[in-house]
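Participant: For the sequence shown, my numbering assigns the number 13 to the initial residue and increments by one for each residue that follows. Where is the CB? At the ideal position from N, CA and C, for every residue including glycine. Have a look at the structure that comes next, please.
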Amino acid sequence: MVHPPSAAGLIAASIQYGHAHIRMLQGYAGTFESGFPDEFSFEDWLFRIEGLAEDEQKLAHGEHVSGPAADAYHFRVTAASREFAGRVLTSERQARDLVGNPLLQIHHGQGMTCVLNPATAACRLRGTADGPMVTPDLNDCRPKCPNLVRTDRDIEHVREQAAGLAEIVANPPRPTTATRAWPTRARPVEADHRCAPARSRRPMTKIPLNGETDPTRRAIITAMNRLLAGTPQRSNGRLNITRPAIEADLKRRHLTHQHPDLKNLSQEQVAKSEAQRRSHVRSADTFEELKRKHIDLQAHCRFLEARLQNYATALDLMALENTALSGRDAEAAKVRVMPRRPHMP
């Protein structure tokens with residue numbers, strides 16, 4: 013069993029469930045009576061808190077962050093530090109509930125970091141989108157996903173990958189097309205990260221308050237803005253009719269019965285956001301397909317150029333051989349044939 017947080021968690025799990033494979037845990041030892049889900053959630057919560065503490069320390073020391081979700085990354089890291097610093101848990105079940113908090117949904121991968129918002133994720137999610145334990149599939153990360161950010165640590169990993177693949181390309185046997193193109197593709201990623209401007213930590217506002225004085229309406233609109241900006245505080249960030257009320261810490265009736273205009277506005281924004289997400293995913297997939305075709309065409313052009321060079325070399329050799337043969341024929345033409353002497357009787 014492999015579990016990332018700490019050796020203590022790994023040893024505890026291996027001793028108690030040493031005969032159970034990780035794929036069997038939810039079916040075999042994953043019942044509430046066994047207590048293992050609570051233990052696992054507690055270790056997972058500690059792991060995420062430790063990761064966020066490291067992220068905050070890196071930001072404080074000037075780590076650069078780039079990507080479409082950079083604002084959400086800054087917000088979650090700083091907000092999680094304020095929210096969970098010094099918190100004492102009295103039971104492991106509390107940890108299981110806290111793991112689903114949106115502020116903890118920062119997942120570090122290889123060369124990228126996911127600031128998860130299930131409503132806009134381009135990858136295939138693990139778990140139900142509405143569930144508290146949903147996580148991204150980091151092996152299916154899409155370069156154009158709106159949840160993507162890159163830190164200086166991610167860029168360092170990209171550099172290491174590019175250097176390793178460049179060495180493979182420089183030393184035959186034949187590298188694959190994807191391997192040959194990877195170092196070239198890594199350079200724009202590093203350049204984009206280096207040139208990205210410093211991100212503001214102010215949350216984006218998509219729905220104006222328009223001078224609203226009613227605290228309930230202001231709370232609902234502010235909650236809707238957080239959901240649309242991908243920076244939820246009290247919900248899992250899913251865009252549907254109930255989430256604005258949950259995010260505003262209000263009863264559902266405040267939205268559906270007392271303020272139906274805000275309910276309709278929320279539905280319109282949800283529909284618009286979903287349409288934008290689908291359009292973005294289609295555009296990203298199309299862009300990736302065009303990039304793959306472009307790489308294949310470049311490889312085919314290099315193949316044709318190499319073949320053309322071979323043909324040119326063969327023609328040069330044939331021309332030299334033809335010149336040599338022509339010279340030999342010219343020398344042969346200079347030979348004068350002597351007439352035969354008459355035969356003496």
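Just the Cα atoms here: how many angstroms apart are Gln38 and Asp308?
Facilitator: Only weak support is given to the placement of Gln38: the predicted model assigns it a pLDDT of 43, under 50, and the question is left unresolved by the model.
Participant: Counting Cβ pairs closer than 8 Å, one from the region 230-249 and one from the region 296-307, do we hit at least three?
Facilitator: Not touching, per the Cβ criterion.
Participant: Quick check on His120: does DSSP put it in helix, strand or coil?
Facilitator: It is a strand residue.
Participant: For Asp166, I'd like the list of residues in its chain whose CB is within less than 7 Å of its CB, leaving aside the five on either flank, ordered along the chain.
Facilitator: Once the five neighbours on either side are set aside, the close Cβ partners of Asp166 are Gly123, Met124, Thr125.
Participant: Any contact of the region 228-237 with the region 255-267, i.e. 3+ C-beta pairs under 8 Å?
Facilitator: As far as the Cβ criterion goes, the region 228-237 touches the region 255-267, which means the pair count is three or higher.
Participant: Would Leu110 pass as a contact of Gln117 if the rule is Cβ separation under 8 Å?
Facilitator: For Leu110 and Gln117, no; Cβs fall outside 8 Å.
Participant: Using a 10 Å radius around the Cβ and a threshold of 16 neighbouring Cβ atoms, would you call Leu329 buried or exposed?
Facilitator: It counts as exposed.
Participant: Taking His76 as the reference, which of Thr147, Glu168, Leu58, Arg136 has the closest Cα?
Facilitator: Closest option to His76, Cα to Cα, is Glu168.
Participant: Are Ala92 and Leu115 closer than 8 Å when you measure CB to CB?
Facilitator: Their beta carbons are under 8 Å apart, which means Ala92 touches Leu115 by this criterion.
Participant: Along the chain, where does the alpha helix (DSSP H) containing Val89 start, and where does it finish?
Facilitator: Where Val89 is concerned, the enclosing alpha helix (DSSP H) stretches over 82-96.
Participant: Would you tell me roughly how many angstroms separate the C-alpha atoms of Thr228 and Arg264, rounded to the nearest one?
Facilitator: Spanning the two alpha carbons is a distance of roughly 12 Å.
Participant: Would you mind reading off the limits of the alpha helix (DSSP H) that contains Arg255?
Facilitator: Taken as a continuous stretch (DSSP letters only), the alpha helix (DSSP H) holding Arg255 covers 255-259.
Participant: Tell me the rounded alpha-carbon separation between Ser78 and Thr163.
Facilitator: About 7 Å.
Participant: Sorted by chain position, which residues of the same chain lie with C-beta nearer than 6 Å to Arg289's C-beta, five sequence neighbours on each side aside?
Facilitator: Hits under 6 Å: Thr132.
Participant: In the DSSP assignment, find the unbroken alpha helix (DSSP H) run with Leu240 in it and report its ends.
Facilitator: 227-241 is the extent of the alpha helix (DSSP H) around Leu240.
Participant: Name, in chain order, the residues that DSSP records as bridge partners for Val127.
Facilitator: Looking at the DSSP assignment, Val127 forms a beta bridge with Ile118.
Participant: So, at 7 Å on beta carbons, what are the nonlocal neighbours of Leu3 in its own chain, with the 5 sequence-adjacent residues on each side left out?
Facilitator: Missing from the structure shown is residue 3; the chain here goes from 13 to 357 and no further.
Participant: What residues are listed by DSSP as bridge partners for Val111?
Facilitator: According to DSSP, which records beta bridges pairwise, Val111 is partnered with nothing at all.
Participant: In this structure, how does DSSP classify Ser247 when only helix, strand and coil are distinguished?
Facilitator: Three-state result, Ser247: coil.
Participant: When the Cα of Leu71 is compared with those of Arg60, Ile61, Thr90, which residue comes out closest?
Facilitator: For Leu71, the nearest C-alpha among the options comes from Thr90.
Participant: Return the CA-CA distance between Leu277 and Ser285, expressed in angstroms with no decimal places.
Facilitator: Cα to Cα, Leu277 sits roughly 12 Å from Ser285.
Participant: For Val100, report the span of its beta strand (DSSP E) as first-last.
Facilitator: Element bounds for Val100: n/a, residue is neither H nor E.
Participant: Tell me which same chain residues have a C-beta within less than 8 Å of the C-beta of Ala65, skipping the five on either side of it?
Facilitator: The answer, listed in chain order, is Ser93.
Participant: Tell me the residue span of the beta strand (DSSP E) that contains Arg162.
Facilitator: Unbroken beta strand (DSSP E) run through Arg162: 160-163.
Participant: Give the secondary structure of Thr335 by DSSP, where H, G and I count as helix, E and B as strand, and everything else as coil.
Facilitator: In this structure, Thr335 counts as helix in the three-state DSSP scheme.
Participant: Please check the pair Asn159 and Ala287, which I expect to be a contact at CB under 8 Å, by giving their CB distance rounded to whole angstroms.
Facilitator: Wrong, their Cβ atoms sit about 18 Å apart, outside the cutoff.
Participant: For Val161, count neighbouring C-beta atoms within 10 Å of its own C-beta (all shown protein chains included) and say buried if the count is 16 or more, exposed if not.
Facilitator: Looking at its Cβ environment, which holds 16 or more other Cβ atoms inside 10 Å, Val161 is buried.
Participant: Taking only the alpha-carbon atoms, compute the straight-line gap between His292 and His266 and give it to the nearest angstrom.
Facilitator: The alpha-carbon atoms of His292 and His266 are separated by roughly 33 Å.
Participant: For Thr432, which of helix, strand or coil comes out of DSSP?
Facilitator: Examination of residue 432 is not possible in this model, given that the chain is present from 13 through 357 alone.
Participant: On a CA-only basis, which of Phe54, Gln270, Met236 is nearest Gln279? Give me that one, please.
Facilitator: The residue with the shortest Cα to Cα distance from Gln279 is Met236.
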